[in-house]
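Undergrad:
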Amino acid sequence: MESNESSYVSSPELQHKRSSPELKSPASDSLEKPTYIRFLVSNTAAGSVIGKGGSIITDLQSRTGARIQLSRSQEFFPGTNDRIIMLSGCIDDILKAVELVLSKLMHEISVEDGNEVNPRSKVRLIVPNSFCGGIIGKGGSTIKSFIKESQAGIKISPQDNHFYGLNDRLVTVTGTLDEQMRAIDLILSKLSEDPHYPQFVNVPYSYAGVYFSGFHGVPCTYVLPSVATAAYNTINYGPTGGRARYPNVEKEDTINSTTMGIADDRIGLIVGRGGRNITEISQASGARIKISDRGDFIPGTSDRKVTITGSQRAIQAAESMIRQKIAAREN
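Put into structure tokens, the structure is as follows:
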């Protein structure tokens, strides 16, 4: 994915040392509104964020008030070998947590390499494609102003056409920690100005319907659970330490799994062209959907196995939409 990043904008040639990040958060009336930010972290570095028994992630949440979630080991952002970390809460709490996490990651890298910390590094944010236009601005005016104000390099990758159904892009921020924090503050504040963006904090981010255009056009599925469910968290700790109950996590959100039998000649109706249908079903229902390989049938039948994972409500919604897709063709 890194090689696909556009050179739409580049790092400024002149660097101006500043004594503090000089973060510019939005007006106070929006500071308490819940929002979120996601970025990538290498699988090896993820352990330094979690800590033994979740000790570090617990401490970070206690110190900042932000909620921190991390994808499981080997569950990567499509096209990378990096895990996904999501921080949610009010903007100020998120920024505190981001700075602590990035500081820790930079320290760990320097310890492993046995070198001094590189003053300039990069962090890759994950931003829904539909919100990238707001960061770019008309004629690139917004992103250019962000670069000038933060002194960080900011690049937005083009949408990766190798993955059908992938609606997220990577925004790479390069610079010192202070420069990165100024840029992240500007980007997060801009995203949160859109009333639709903060609403996504409780919406599942699932890559269950993302397909890679593999050999001879045969799709290979990347399956990631929802970032908004307990299944996505390696550890689910609250700001006060210890395992927490969050207001939006109800009993009905307990992760379940069910398998449907669908005739082999009807699977195409569920998948859709380029994986469009299965992506829509997964995103609309919040469920994770996996279809067995060709020839892998339910014993004694010619039906393929369609495994649906998620809350009971998500599973029921996905089942209903799958049946509707099939019924629409038969009628």
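What the sequence shown shows, in UniProt numbering, is residues 1 to 331, in sequence order. Beta carbons are placed, not taken as given, at the ideal position from N, Cα and C, and that holds for glycine. Bear in mind the structure is a predicted one, so any value in this text is a computation, not a measurement.
Have a look at residue 321 and residue 175 and give me their C-alpha separation to the nearest angstrom.
TA: 46 Å
Undergrad: Could I get the ranges of all uninterrupted beta strand (DSSP E) runs contained in the UniProt domain "K Homology" (254–327), with 3 residues as the minimum, in chain order?
TA: Contiguous beta strand (DSSP E) elements confined to the UniProt domain "K Homology" (254–327) occur at 256–263, 288–291, 303–310, taking only those with 3 or more residues.
Undergrad: Tell me which residues share the same chain as residue 169 and place their Cβ nearer than 7 Å to its Cβ, disregarding the 5 neighbours each side in the sequence.
TA: 127, 129, 132, 156, 157, 159
Undergrad: Is it buried or exposed, residue 242, if we count other Cβ atoms within 10 angstroms and call 16 or more buried?
TA: With a pLDDT of 38 at residue 242, under the threshold of 50, the modelled position of that residue is not reliable, and the figure given next carries that caveat. Flag for residue 242 reads exposed.
Undergrad: Hey, how far is the Cα of residue 345 from the Cα of residue 300?
TA: Lying before the first or after the last residue shown, residue 345 is absent from the chain, which here runs from 1 to 331.
Undergrad: Among residues of its own chain, excluding the 5 on either side of residue 326, which ones have a beta-carbon nearer than 6 Å to its beta-carbon?
TA: 266, 269
Undergrad: Mind the definition here: the stretch 59–74 touches the stretch 87–96 only if three or more C-beta pairs lie below 8 Å; say whether that holds.
TA: yes
Undergrad: Leaving aside the five residues before and after residue 100 along the sequence, list all residues of the same chain whose C-beta is less than 6 Å from its C-beta, in chain order.
TA: 60
Undergrad: Let me make sure I understand the geometry here. Which of 123, 180, 120, 167 has the alpha-carbon closest to that of residue 148?
TA: 180
Undergrad: Hey, is the stretch 281–293 in contact with the stretch 302–316, meaning 3+ C-beta pairs nearer than 8 Å?
TA: yes
Undergrad: Report all residues from its chain with a CB closer than 7 Å to the CB of residue 319; omit the five preceding and five following residues, and keep chain order.
TA: 260, 308
Undergrad: Measuring only the C-alpha atoms, how far is residue 278 from residue 74?
TA: 23 Å
Undergrad: Under the three-state reduction of DSSP, which class applies to residue 178: helix, strand or coil?
TA: Helix.
Undergrad: State buried or exposed for residue 185, treating a residue as buried only when at least 16 other CB atoms are found within 10 Å of its CB.
TA: buried
Undergrad: For residue 44, count neighbouring C-beta atoms within 10 Å of its own C-beta (all shown protein chains included) and say buried if the count is 16 or more, exposed if not.
TA: exposed
Undergrad: What are the residues that DSSP puts in a beta bridge with residue 138?
TA: For residue 138, which the question treats as bridged, DSSP gives no partner whatsoever.
Undergrad: How about residue 151 and residue 182: are their beta carbons less than 9 Å apart?
TA: yes
Undergrad: Compute the Euclidean distance between the alpha carbons of residue 171 and residue 302, then round it to the nearest angstrom.
TA: 45 Å
Undergrad: Which of the three DSSP states, helix, strand or coil, is assigned to residue 157?
TA: coil
Undergrad: Can you tell me whether residue 340 is buried or exposed, with buried defined as 16 or more other CB within 10 angstroms of its CB?
TA: Only positions 1 to 331 of the chain appear in this structure, which leaves residue 340 out of reach.
Undergrad: Relative to the alpha-carbon of residue 146, which residue among 272, 187, 37 has its alpha-carbon at the smallest distance?
TA: 187
Undergrad: Considering only the alpha carbon of each residue, which of 55, 37, 262, 282 lies closest to residue 293?
TA: 262
Undergrad: Report buried or exposed for residue 282, applying the criterion of at least 16 other Cβ atoms within 10 angstroms of its Cβ.
TA: buried
Undergrad: Residues in the same chain with beta-carbon distance under 7 Å from residue 97, minus the five sequence neighbours each way, listed in chain order, please.
TA: 60, 64, 66, 68, 87
Undergrad: Grab the span of the alpha helix (DSSP H) containing residue 59 for me, first residue to last.
TA: 55–64
Undergrad: Entirely within the stretch 73–133 and at least 3 residues each: give me those beta strand (DSSP E) ranges in chain order.
TA: If one requires a minimum length of 3 residues, the beta strand (DSSP E) runs lying completely within the stretch 73–133 are 82–89, 121–128, in chain order.
Undergrad: Would you kindly work out how many angstroms separate the C-alpha atoms of residue 139 and residue 194, rounded to a whole number?
TA: 19 Å
Undergrad: Reducing DSSP to helix, strand and coil, say where residue 346 ends up.
TA: Because the chain spans 1 through 331 in this model, residue 346 falls outside it and cannot be assessed.
Undergrad: Pick out whichever of 95, 178, 39 has its Cα sitting closest to the Cα of residue 77.
TA: 39
Undergrad: Pop quiz: residue 41 and residue 82 are said to be a contact at Cβ under 8 Å. What is the actual Cβ separation, rounded to whole angstroms?
TA: With 8 Å as the limit, residue 41 and residue 82 qualify as a contact, their Cβ atoms being about 6 Å apart.
Undergrad: Rounded to a whole number of angstroms, what is the C-alpha to C-alpha distance between residue 57 and residue 35?
TA: Using only the alpha carbons, I get a separation of about 19 Å.
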